[in-house]
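Worksheet: one structure, shown below.
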Amino acid sequence: MLIRILFLTLLINFMRNNDLNWNPTQEQLDEIILPAYNEITRMSVSFINKLECPPEYVADMLRDVAEAIISSHPESNRSCSCC
Numbered sequence: 078m079l080i081r082i083l084f085l086t087l088l089i090n091f092m093r094n095n096d097l098n099w100n101p102t103q104e105q106l107d108e109i110i111l112p113a114y115n116e117i118t119r120m121s122v123s124f125i126n127k128l129e130c131p132p133e134y135v136a137d138m139l140r141d142v143a144e145a146i147i148s149s150h151p152e153s154n155r156s157c158s159c160c
């Protein structure tokens with residue numbers, strides 16, 4: 078649950094800070110985004126258990142991943158195949 082809250086918080090902050098004018102469709106939410114959150118949460122809990130570390134450590138890892146994604150894919154540069 079902590080991981081899901083973290084991701085939602087990061088997404089909201091990203092959208093606010095970058096004036097993102099994109100909202101997923103209900104179909105995207107149901108078929109892609111929510112399953113991705115569930116899988117990321119499952120993997121994160123698995124890492125916590127395997128590493129025997131506090132959840133905050135994995136939360137820091139996820140923040141680092143989020144920052145790396147944002148910095149390597151700036152909104153103004155839509156030259157990749159995904160956009």
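Following our numbering, the numbering of the sequence shown begins with 78 at its first residue and continues without gaps. Ideal Cβ placement from N, Cα and C applies to all residues, glycine included.
DSSP three-state assignment for residue i, whether helix, strand or coil
| i | result |
| --- | --- |
| asparagine 98 | coil |
| arginine 140 | helix |
| proline 131 | coil |
Candidates the options, of which the one nearest residue i by Cα
| i | options | result |
| --- | --- | --- |
| methionine 138 | His150, Asn115, Ile110, Phe124 | Phe124 |
| threonine 118 | Pro132, Ser148, Trp99, Ser149 | Pro132 |
C-beta contact flag for residue i and residue j at 8 angstroms
| i | j | result |
| --- | --- | --- |
| threonine 121 | valine 135 | Here residue 121 turns out to be serine, not threonine, going by the sequence shown. It is a contact, given that the beta carbons lie within the stated cut-off. |
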